[in-house]
Structures are given as structure tokens and as C-alpha cells.
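Undergrad:
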Amino acid sequence: MDLPDGTVVGLYEYGDPSGAPVFAFHGTPSCGAGFNWTDEPAQARGQRVLAPDRPGIGQSGGPPLARVADYPGRVAALADALSVDRFAVLGYSGGGPFAVACAAALGDRVTATAVVAGMGQLGVWAETNDFAKTDRQFLDLSVHHPRLARFLLASSAFFAKRGPKAAMGSFLKELSESDREVVEAQDASPAETMRLFTRAFQHGAKGVVDDYRVIARPWGVEPGHTGPLTIFQGDADTMVPRRHSDALAERLPGATLVIWPGEGHLGAVTHIEEILDSLR
143 MDLPDGTVVG LYEYGDPSGA PVFAFHGTPS CGAGFNWTDE PAQARGQRVL APDRPGIGQS
203 GGPPLARVAD YPGRVAALAD ALSVDRFAVL GYSGGGPFAV ACAAALGDRV TATAVVAGMG
263 QLGVWAETND FAKTDRQFLD LSVHHPRLAR FLLASSAFFA KRGPKAAMGS FLKELSESDR
323 EVVEAQDASP AETMRLFTRA FQHGAKGVVD DYRVIARPWG VEPGHTGPLT IFQGDADTMV
383 PRRHSDALAE RLPGATLVIW PGEGHLGAVT HIEEILDSLR
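All residue numbers for the sequence shown refer to this note's numbering, where the first residue is 143 and numbers rise by one.
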């Protein structure tokens, strides 16, 4: 999409092209291509899932975000360009903070919100040490050693593209048993799975590092919402701990907290129908 200010936004669409719009915000490091598993369930429910790449990621350009609080304005501009007045938002993992920010900043323009395995606000109720090894490393490097972070992430993307089978093996080692079962059930080749990661680097690694840097700092927005807001979390998540969702729910008394027993970080794939139903 070419926005009126000249910004280019990479956008993936899933589900029913004429359905009720849902903006889906990807995790880190990933891009809008990471929501292909929403396609059939969204189509069956008459929902149109719009998954934009954040600035500098995938096909998106534009200046980097300084804070999570800067993103709702970009989403509103994209919605205007698409002639979408009101919409639901879904934030997964590192996209969770951006969904919370949109719910707080865009008022009744946001019809409903789902935060799924959402990262907590670092420096407020979350800490870098809460995360799995890879995210912990890059959250720290993105703030204190961004050049090194760019080099390491660019190298990871290069090797994932050249050797997807080996990269897939490394990825699976960081997953819980339930998450490995979800990946295996998708029956996708290592190259297909790794593309959800490597596509984020179409403009290089800078945008991905900037994305890490933004979520490594306080969001700059007070959580709040007008429409319904549901927080979904697996209690066996080894990437984003349950206490992040518990702490967010405490700050949003009107929110609904749904815990999936035994589910890991990829519980969103297994429970996508339940998530989409909460946004109808």
C-alpha cells in the first residue's frame, strides 16, 4: 500500500476479502506473512485479516517507531487508505503491545481486541530475563549494541535462507513440547516455515532491530480500551511467561483473561477459531 504521505506499507491479506476487518500485528522477528494460519478460519467467519509489516520490516518502509505509542497513528492512516472505518485488532507475541496501544489510543474505532501470548511492558511489569534465550539476547543488544544485533540477525536470516533444515532444528530446540507438536501438525517444509522469518529482512536487519528496540522500552501509552478486550495465554509458554498476561489483565479490569492449560507460545494456531470468535 502507498499511503498519502509517501510511506509504503507491506500488507498481507487473509480470509474473506469483503469481510469484517481485523488488523493482525506480527511478532518479533517476523512479518505479516506469519498469519497464513488465519486464512481458512477467517474466511469461514466472514472476517478479513489485514496483517501489515511494521516500519522497516518485510516490504514496509517509513521512519522507525520511537515508541509503541507511535504505532496507532500509522494503523489509522493505513485503515483510511483502505477505506476501513472501524476494525478489530489482534496482537500476537511481540505484536501484543501494539494491539494494546491501538485499543487505548483509537477509541471506538477499534471494535474488539485480542492479545495473544503478548509480551509485557518492559521496565514496568516485565523484564528482559523473562524471555527465552534468543529474544533475551536481542532485546538487550537492540538497545545497547544495535550494530552487533543487526549483524547477528542478518547472519541468522542468511543462514536460515541457505540452510532452512538446520535453522528449523535450532528453532525447534527453543520450543516447548506442545509447540513442537503444533509445528509438526502444520506439515510445512523447513523452507516454508523459515520464510516467515526471512521475509522480515527484505530491507535488511535494521527494521527488525528497531522493532526489538521499541518493545524493549516502556510503551508510552496507558493500557485501556473501549470495545471488548480478550487476553489469551498458554500456561506452558516458554517464550512469553503467563505472568505478563496476568499483569496486563490486572491493569485492564474490563478485559477477559483466557488461559489454555498445557499450551505453549503457538497455542494461537490451535485456538485461532476461538480468538477470531472473540473479535466478531
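For each residue, glycine too, the CB sits at the ideal point set by N, CA and C.
Can you give the Cα-Cα distance for K315 and L408, rounded to whole angstroms?
TA: The count along the sequence shown starts at 1 and reaches residue 315 at position 173. The count along the sequence shown starts at 1 and reaches residue 408 at position 266. Rounded to the nearest angstrom, the two C-alpha atoms are 14 Å apart.
Undergrad: Can you say whether E269 is buried or exposed, counting buried as having 16 or more other CB atoms within 10 angstroms of its CB?
TA: Your numbering for residue 269 matches position 127 in the sequence shown. Its Cβ having fewer than 16 others within 10 Å, E269 is exposed.
Undergrad: Rounded to whole angstroms, what is the Cα-Cα separation between S420 and A241?
TA: Here residue 420 is taken as the residue at index 278 of the sequence shown, counted from 1. Here residue 241 is taken as the residue at index 99 of the sequence shown, counted from 1. Those two C-alpha atoms are separated by around 14 Å.
Undergrad: If you count every other CB in all the chains shown that lies within 10 Å of the CB of G396, and 16 or more means buried, which is it?
TA: Taking the first residue of the sequence shown as position 1, residue 396 is located at position 254. G396 should be labelled exposed.
Undergrad: Quick one, which of G176, S320 and R337 has its alpha-carbon nearest G305's?
TA: Within the sequence shown, residue 305 is the residue found at index 163, counting from 1. Measuring from the Cα of G305, the nearest candidate turns out to be R337.
Undergrad: Quick one, are the C-beta atoms of V351 and A291 less than 9 Å apart?
TA: Here the question's residue 351 lines up with position 209 in the sequence shown. Here the question's residue 291 lines up with position 149 in the sequence shown. Closer than 9 Å, so yes.
Undergrad: Going by CA-CA distance only, name the one from S318, T255, P383 and L248 that's closest to L418.
TA: In the sequence shown, residue 418 corresponds to position 276, counting from 1. The shortest C-alpha separation from L418 is found at T255.
Undergrad: Going straight from the alpha carbon of T340 to that of A333, what length do you get?
TA: As a first step, residue 340 is located in the sequence shown; it is residue number 198 there, counting from the start. As a first step, residue 333 is located in the sequence shown; it is residue number 191 there, counting from the start. Whole-angstrom Cα-Cα distance: 10 Å.
Undergrad: Using CA coordinates, which residue listed in I414, I401, T170 and A219 is at the minimum distance from R278?
TA: Counting from 1 along the sequence shown, the entry for residue 278 is found at position 136. Of the candidates I414, I401, T170 and A219, the one whose C-alpha sits nearest the C-alpha of R278 is T170.
Undergrad: What first and last residue would you give for the beta strand (DSSP E) that runs through I401?
TA: On the sequence shown, residue 401 is found 259 positions in, with the first residue counted as 1. It spans T398 to W402 - the beta strand (DSSP E) in which I401 sits, taken as one unbroken run.
Undergrad: State buried or exposed for E405, treating a residue as buried only when at least 16 other CB atoms are found within 10 Å of its CB.
TA: Residue 405 sits at position 263 when you count from the first residue of the sequence shown. With 16 or more other Cβ atoms within 10 Å, it is buried.
Undergrad: Contact between the region 321 to 329 and the region 149 to 163 is defined here as three or more beta-carbon pairs at a separation below 8 Å; is this criterion met?
TA: Contact fails: fewer than three Cβ-Cβ distances are below 8 Å.
Undergrad: Check whether the Cβ atoms of F165 and L207 sit closer than 9 Å, and answer yes or no.
TA: Within the sequence shown, residue 165 is the residue found at index 23, counting from 1. Within the sequence shown, residue 207 is the residue found at index 65, counting from 1. For F165 and L207, no; Cβs fall outside 9 Å.
Undergrad: Give the list of continuous alpha helix (DSSP H) stretches no shorter than 4 residues that lie fully inside the region 345 to 369.
TA: Given a length threshold of 4 residues, each whole run of the alpha helix (DSSP H) inside the region 345 to 369 is given here in chain order: 348 to 357.
Undergrad: At the level of alpha carbons, what is the spacing between L232 and Q189?
TA: Here the question's residue 232 lines up with position 90 in the sequence shown. Here the question's residue 189 lines up with position 47 in the sequence shown. Whole-angstrom Cα-Cα distance: 12 Å.
Undergrad: Please state if the CB of V151 and the CB of P194 are separated by a distance shorter than 9 Å.
TA: Translated into positions along the sequence shown, residue 194 becomes position 52. Translated into positions along the sequence shown, residue 151 becomes position 9. Yes.
Undergrad: With 16 as the cutoff for other CB atoms within 10 Å, does P239 come out buried or exposed?
TA: Taking the first residue of the sequence shown as position 1, residue 239 is located at position 97. Buried.
Undergrad: Could you work out which residue in W402, Q201, A223 and L317 is closest to G349 when comparing CA atoms only?
TA: To locate residue 349, count along the sequence shown from 1; it is residue 207. Of the candidates W402, Q201, A223 and L317, the one whose C-alpha sits nearest the C-alpha of G349 is Q201.
Undergrad: If you reduce the DSSP assignment to three classes, tell me which class V382 lands in.
TA: Taking the sequence shown and counting its residues from 1, one reaches residue 382 at position 240. Coil at V382, not helix or strand.
Undergrad: Are the beta-carbon atoms belonging to H413 and G260 less than 9 Å from one another?
TA: In the sequence shown, residue 413 corresponds to position 271, counting from 1. In the sequence shown, residue 260 corresponds to position 118, counting from 1. Cβ distance not < 9 Å, so H413 and G260 don't count as in contact.
Undergrad: Under 6 Å Cβ to Cβ from T398, same chain only, skipping five residues before and after it: list those, please.
TA: Position 256 of the sequence shown, counted from the first residue, corresponds to residue 398. Around T398: T372.
Undergrad: If the criterion is Cβ atoms closer than 9 Å, does the pair L192 and W267 meet it?
TA: Residue numbering aside, residue 192 sits at position 50 when the sequence shown is read from its first letter. Residue numbering aside, residue 267 sits at position 125 when the sequence shown is read from its first letter. No, Cβ-Cβ distance for L192 and W267 is not below 9 Å.
Undergrad: As a quick exercise: from D353, P370, D282 and S298, pick the residue whose alpha carbon is nearest that of A246.
TA: Working through the sequence shown from its first residue, we reach residue 246 at position 104. Nearest option by C-alpha distance: P370.
Undergrad: According to DSSP, is I199 helix, strand or coil?
TA: As a position in the sequence shown, residue 199 is number 57, starting the count at 1. Coil at I199, not helix or strand.
Undergrad: Please name the residue in F300, V257 and S284 whose C-alpha comes closest to that of L394.
TA: In the sequence shown, counting from the first residue as 1, residue 394 sits at position 252. When F300, V257 and S284 are compared, the shortest CA-CA separation from L394 is found for V257.
Undergrad: State the Cα-Cα distance for the pair H287 and S172, rounded to the nearest angstrom.
TA: Stepping through the sequence shown from its first residue, residue 287 is reached at position 145. Stepping through the sequence shown from its first residue, residue 172 is reached at position 30. When rounded, the distance between both Cα atoms is 21 Å.
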